[in-house]
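J.:
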Amino acid sequence: MPKRAKPRSGRKRPPDRPSGPPTRRSLPTEEPDTWAPATVQVRIEKGSATGQARRRHLEDQVLRLVNAARQRAGSPPLKADERLRAAARQHSERMSDLQFFDHMDPDGSDPGQRMLAAGHPAPGAENIAAGQAAAEPVMQAWMNSPGHRVNILNPAFVSLGVGVDLRPGGPFWTQNFGY
């Protein structure tokens, strides 16, 4: 079972890449002035009907891409879980609202606590990413990261919730896996 993140002070997110090991606290090396945030042309209000439809489409697309990768690896498909989606969306929204990038929320909650609070009885792991404007690039980033790839292909997981926040300053992506 993946380890839970340890509390630390929040740090600003790195560009266009997933976080360090998916459920352990690991910050990338600071590289000042070597990157610029990704430009996102989609401007969607959090509560608009169009925004919600676009968001759900992207989240569902990530689930399809995850299951395609799992099929190629010989792992069973994951089922969509609305409780895990709710926890993933909440975390993506919090990262957007507070402009942090971490598995640990500034309020001290870790991925497992958030999944339990959303009603999922058996939390597994979390992947986060920031900066990718579409499902394919975020999946490519996760699959190119050994720790994130392990979570995506883990045959023990049976469910997945994906949450994305597309507002300016992001996008922020969260995958929550369940047993």
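The numbering of the sequence shown is UniProt numbering, which starts it at 1 and goes up by one. Glycine is no exception: its CB is placed at the ideal position from the N, C-alpha and C atoms.
Which whole-angstrom value describes the C-beta separation of Leu-58 and Val-164, a residue pair presumed to lie in contact below a C-beta threshold of 8 Å?
T.: Position 58 of the sequence shown, counting from 1, holds the residue named residue 58. Position 164 of the sequence shown, counting from 1, holds the residue named residue 164. 5 Å between Cβ atoms; contact.
J.: Ignore the nearest five residues each way along the sequence and tell me which others in Leu-63's own chain have a CB closer than 8 Å to its CB.
T.: What you label residue 63 is simply residue 63 of the sequence shown in a count that begins at 1. Excluding residues within five positions, the ones whose Cβ falls inside 8 Å are Leu-78, Ala-80, Leu-160, Val-162.
J.: Does DSSP put Ala-88 in a helix, a strand or coil?
T.: Residue mapping note: residue 88 aligns to position 88 of the sequence shown, counting from 1. The answer is helix: DSSP assigns Ala-88 an H, G or I state.
J.: Using 10 angstroms around the beta-carbon of Ala-122, count the other beta-carbons present and answer buried if the total reaches 16, otherwise exposed.
T.: Here residue 122 is taken as the residue at index 122 of the sequence shown, counted from 1. The residue in question, Ala-122, is exposed, as its Cβ has fewer than 16 Cβ neighbours within 10 Å.
J.: Could you check the C-alpha separation between His-91 and Ala-68 for me, to the nearest Å?
T.: Indexing the sequence shown from 1 puts residue 91 at position 91. Indexing the sequence shown from 1 puts residue 68 at position 68. C-alpha separation (whole angstroms): 25 Å.
J.: The beta strand (DSSP E) with Ala-69 in it runs from where to where?
T.: Your numbering for residue 69 matches position 69 in the sequence shown. From DSSP, Ala-69 is part of no beta strand (DSSP E) but of the alpha helix (DSSP H) over 49–73.
J.: Does DSSP classify Ser-145 as helix, strand or coil?
T.: Locating residue 145 in the sequence shown gives position 145, counting from the first residue. Residue state, collapsed to three classes: coil.
J.: Look at Phe-157 and Met-95 and say whether their C-beta atoms are less than 9 Å apart.
T.: The residue you call residue 157 lines up with position 157 of the sequence shown. The residue you call residue 95 lines up with position 95 of the sequence shown. For Phe-157 and Met-95, no; Cβs fall outside 9 Å.
J.: Excluding sequence positions up to five away, which residues of its chain have a Cβ less than 6 Å from the Cβ of Arg-89?
T.: Along the sequence shown, read from residue 1 onward, the residue named residue 89 stands at position 89. Excluding positions up to five away in sequence, the list reads Gly-163.
J.: Have a look at Gly-131 and Asn-176 and give me their C-alpha separation to the nearest angstrom.
T.: As a position in the sequence shown, residue 131 is number 131, starting the count at 1. As a position in the sequence shown, residue 176 is number 176, starting the count at 1. The alpha-carbon atoms of Gly-131 and Asn-176 are separated by roughly 18 Å.
J.: Relative to the C-alpha of Leu-166, which candidate in Glu-93, Pro-146, Trp-142, Asn-151 has its C-alpha closest?
T.: Here residue 166 is taken as the residue at index 166 of the sequence shown, counted from 1. The residue with the shortest Cα to Cα distance from Leu-166 is Glu-93.
J.: So, is Ser-48 buried or exposed, given that buried needs 16 or more other C-beta atoms within 10 angstroms?
T.: Within the sequence shown, numbered from 1, the residue matching residue 48 stands at position 48. Label assigned to Ser-48: exposed.
J.: Quick check: the Cα distance between Val-138 and Ala-129, rounded to an integer number of angstroms?
T.: For this step, residue 138 is matched to residue 138 along the sequence shown. For this step, residue 129 is matched to residue 129 along the sequence shown. If you take the alpha carbons of Val-138 and Ala-129, they lie about 7 Å apart.
J.: Would you tell me roughly how many angstroms separate the C-alpha atoms of Gly-108 and Ala-53, rounded to the nearest one?
T.: In the sequence shown, the residue the question calls residue 108 occupies position 108. In the sequence shown, the residue the question calls residue 53 occupies position 53. Cα to Cα, Gly-108 sits roughly 31 Å from Ala-53.
J.: When burial is assigned at 16 or more other CB atoms within 10 Å of the CB, is Gly-124 buried or exposed?
T.: Taking the sequence shown and counting its residues from 1, one reaches residue 124 at position 124. Looking at its Cβ environment, which holds 16 or more other Cβ atoms inside 10 Å, Gly-124 is buried.
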